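Peer 1: Take a look at this one; I'll ask things after.
Residue numbers (mature numbering (1 follows the signal peptide of the UniProt record, and there is no 0)): -23 to -1, 1 to 311.
Structure (structure tokens):
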């Protein structure tokens, strides 16, 4: 831990010891990057079971979605915390001189998955490059696919756009398709009548953290106890959501997003656990939300090699470890 972060950690400890006091029930807003879903379950859980309130926060979740731009609202001070995707946005913020930091990573693994149909010669990760067609969205084509081409030898000419409809993948048995491990495999099972092969990018070298908590440096400087409460409360929320009674949180999710079904929720939670999306690796010792400098550096180096990120970025300005890696909430794991 660097000297400045040691000082910050000490200040946080003093503030935590004195509790939030006058700031009790301080209202804060957390912007998510998509419509309410089980992938946001830990945050809803921490509201539902009073975990945030216990350390003095009154948290409102502002849903994301196709028409919502949450990060600009964070930069403008309209919301207090924002749910990042992977680490690329944090690297980009440093490059642009934006004083935003990642303070926790609630997903140890990016849930991005590549699917193939069983029994078509595409049953191993190393076989996937031989598919006739790669069905990938624009964002994926500009990020993880560049790494797949550079590091793994995938053929850029085989990529076709993904329109969030599994029908082309189901129809073409020799194709592969991107998706979230919590979502698209469920859609394929429902529409195609088969369970697709699922290859998590995170298990094959794509070592970014995901579902990060982003916050402006000004908030860290002026309200570190609020940041600590939100980070700790979110970690405890995730433990309780995955391993405890999550009924109230799921009802909140369905209220915010009426299209969410009980069947989809059950599938998503099962996948989060099965693939260790939230709780695996470093989090098993350091607690949910854990990050390490070595892993962040590893991902940055891969992105520079793939020409997705610019070289020479001071990536230590993209994050702080002052609020995490303390094992908070591990006792809740059942």
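Positions of the beta carbon are idealized from the N, C-alpha and C atoms, including for glycine. From a predicted model like this one, the values you see are computed outputs, not experimental measurements.
When you compare only the Cα positions, how much space is there between residue 301 and residue 126?
Peer 2: Their backbone Cα atoms lie some 34 angstroms apart in a straight line.
Peer 1: For residue 228, which residues from the same chain have a beta carbon less than 7 angstroms from its beta carbon, with the 5 sequence-adjacent residues on both sides left out?
Peer 2: Once the five neighbours on either side are set aside, residue 228 has no close Cβ partner at all.
Peer 1: Rounded to whole angstroms, how far is the Cβ of residue 304 from the Cβ of residue 266, which I believe are closer than 8 angstroms?
Peer 2: Contact flag wrong, Cβ pair sits at about 10 angstroms.
Peer 1: Consider the C-beta atom of residue 228 and the heavy atoms of the ligand MG; say whether any pair is separated by less than 6 angstroms.
Peer 2: Judged by which ligands are present, the structure shown has none, so any question about the ligand MG falls away.
Peer 1: Identify, in the order they occur along the chain, each residue of the same chain with its Cβ nearer than 6 angstroms to the Cβ of residue 153, setting aside the five sequence neighbours on each side.
Peer 2: The residues are 91, 93, 105, 108 and 111.
Peer 1: Can you tell me whether DSSP reads residue 301 as helix, strand or coil?
Peer 2: Of the three classes helix, strand and coil, the one that applies to residue 301 here is coil, per DSSP.
Peer 1: What is the rounded straight-line gap between the Cα of residue 224 and the Cα of residue 15?
Peer 2: Cα to Cα, residue 224 sits roughly 11 angstroms from residue 15.
Peer 1: Measuring CB to CB, does residue 296 end up less than 7 angstroms from residue 48?
Peer 2: Cβ atoms of residue 296 and residue 48: not closer than 7 angstroms.
Peer 1: Measuring straight from C-alpha to C-alpha, what distance separates residue 209 and residue 217?
Peer 2: So the two alpha carbons sit approximately 12 angstroms from each other.
Peer 1: Measuring only the C-alpha atoms, how far is residue -3 from residue 86?
Peer 2: Below a pLDDT of 50, predicted positions are generally treated as unreliable, and residue -3, at 39, falls in that range; no measurement from the model is reported.
Peer 1: What number of angstroms, rounded off, separates the C-alpha of residue 31 from the C-alpha of residue 212?
Peer 2: If you take the alpha carbons of residue 31 and residue 212, they lie about 14 angstroms apart.
Peer 1: Could you tell me the alpha carbon to alpha carbon distance between residue 306 and residue 262, rounded to whole angstroms?
Peer 2: Whole-angstrom Cα-Cα distance: 11 angstroms.
Peer 1: Is it the case that the Cβ atoms of residue 72 and residue 287 are separated by a distance below 7 angstroms?
Peer 2: Yes; because the gap between Cβ atoms is below 7 angstroms, this pair is in contact.
Peer 1: Contact between the stretch 268 to 282 and the stretch 228 to 247: three or more CB pairs below 8 angstroms?
Peer 2: The stretch 268 to 282 is not in contact with the stretch 228 to 247.
Peer 1: Ordered along the chain, which non-local residues of its own chain (more than five positions away) have a Cβ less than 7 angstroms from that of residue 173?
Peer 2: Cβ within range, chain order: 92, 93, 94, 162 and 165.
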